[in-house]
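To start, the structure itself, in structure tokens.
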Amino acid sequence: MVLCENRASLMTIKKSRMNLKNIAFVSSNVESARQARERLEARYGSTDLQNADVVVALGGDGLMLQTLHETMSMGVPIYGMHQGSVGFLMNDYNADGLLERLKNAQINIIHPLQMHVIDMQGQETSALAINEVSLLRQRYQASKLRLSIDGKVRLELLICDGILVATPAGSTAYNLSAHGPILPINAPLLALTPISPFRPRRWRGALLPNSASVKIEVLEPDKRPVSAVADHTEVRNVRTVSIVERADIPLKLMFDKGHALDERILSEQFMY
């Protein structure tokens, strides 16, 4: 498999190239998801995450993100089946033919963002985000931010409710609801999208190369406090936030043939 610029790629998993013998099943706490996991474990057997060749996740997109975080250092592919609310990252649930579906699945490789935060007390926090890193005002007053890209100030003052940096995989999540662009999964880009911008009035964000280093400084942090969120990790009262893509961390999402993430993202652009 060849990765172009360490971005997302697509391939068909061949039986000879990947052992699918050891399957770990995980599920959300929703009753239907737990019952589905029990049925699949009884039918196909199961192992723990540390010994798994593949993980089958039963739930919604929240569970998928949680599973990707838990297995990030393992390099194991994740095959999701929808047993939750939002299932953009999941395949349809069907207990039949699971082994055949896994053998014929396609895999998208995505990369997370790394957020590095310095808060008002000088404490530093780092966290990884699969979808986006977002900054949000904590109180009734709009935030005032300064934006730098690769060490150069690009916006001296942005007045807004917040701002986010989204990966292609996350471009259809919070980024889309904030009127940001949908990015093809194989695009070497990041979306920089403001949330309810007030000044500059006509600025609606930017497309950045995935190699870009983004720095966001909070102006007037005592008067206008801001929090930073990387998926499930939140830091409050931040002063500066730096964001880069971790191209050295590949995350493998498995999809049934013809329903891979690149097709889903393309289809999303024609929905109304």
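Heads up, the sequence shown is in the working numbering, so the first residue is 222 and it goes up one at a time.
The C-beta atom is built at its ideal place from N, Cα and C for all residues, glycine as well.
Residue i - containing alpha helix (DSSP H), residue span
{"i": "residue 324", "result": "319-325"}
{"i": "residue 287", "result": "282-291"}
{"i": "residue 403", "result": "Counting along the chain, residue 403 falls outside any alpha helix (DSSP H), and DSSP gives it neither H nor E."}
{"i": "residue 484", "result": "482-489"}
{"i": "residue 259", "result": "252-265"}
Bridge partners - residue i, DSSP secondary structure assignment
{"i": "residue 414", "result": "385"}
{"i": "residue 430", "result": "410"}
{"i": "residue 448", "result": "357"}
{"i": "residue 436", "result": "369, 463"}
{"i": "residue 477", "result": "Answer by DSSP bridge pairing: none, since residue 477 is not bridged."}
{"i": "residue 341", "result": "DSSP lists no partner for residue 341."}
{"i": "residue 347", "result": "337"}
{"i": "residue 380", "result": "365, 420"}
{"i": "residue 374", "result": "369"}
{"i": "residue 279", "result": "248, 302"}
{"i": "residue 331", "result": "472"}
Cut-off 7 angstroms between Cβ atoms - residues of its own chain near residue i, not counting five sequence neighbours on either side
{"i": "residue 359", "result": "446, 447, 448, 457"}
{"i": "residue 489", "result": "393, 403"}
{"i": "residue 341", "result": "442, 458, 460"}
{"i": "residue 397", "result": "403"}
{"i": "residue 262", "result": "246"}
{"i": "residue 454", "result": "348"}
Proximity winner among the options, relative to residue i (alpha-carbon distances)
{"i": "residue 444", "options": "379, 241, 364, 346", "result": "364"}
{"i": "residue 279", "options": "271, 246, 289", "result": "246"}
{"i": "residue 388", "options": "373, 380, 351, 270", "result": "351"}
{"i": "residue 383", "options": "362, 369, 391", "result": "362"}
{"i": "residue 274", "options": "324, 287, 345", "result": "324"}
{"i": "residue 270", "options": "371, 244, 407", "result": "244"}
{"i": "residue 253", "options": "288, 303, 299", "result": "303"}
{"i": "residue 294", "options": "265, 469, 476, 321", "result": "469"}
{"i": "residue 285", "options": "310, 272, 296", "result": "310"}
{"i": "residue 320", "options": "344, 291, 277", "result": "277"}
{"i": "residue 428", "options": "422, 405, 438", "result": "405"}
Bounding residues of the beta strand (DSSP E) (the contiguous stretch that carries residue i)
{"i": "residue 392", "result": "Unbroken run through residue 392: none, as it is neither H nor E."}
{"i": "residue 367", "result": "364-370"}
{"i": "residue 300", "result": "299-303"}
{"i": "residue 245", "result": "244-248"}
{"i": "residue 454", "result": "454-456"}
Same chain, Cβ closer than 6 angstroms to residue i, neighbours up to 5 away in sequence not counted
{"i": "residue 464", "result": "334, 336, 354, 386, 435"}
{"i": "residue 349", "result": "333, 335"}
{"i": "residue 450", "result": "355"}
{"i": "residue 375", "result": "368"}
Cβ-based neighbour list, residue i, same chain, cut-off 8 angstroms, excluding 5 preceding and 5 following
{"i": "residue 308", "result": "281, 282, 301"}
{"i": "residue 268", "result": "243, 244, 245"}
Can at least three beta-carbon pairs, one atom from the stretch 417-435 and one from the stretch 308-322, be found at a separation below 8 angstroms?
-> no
Segment contact, 8 angstroms Cβ cut-off, at least three pairs: the stretch 410-426 with the stretch 323-330 = no
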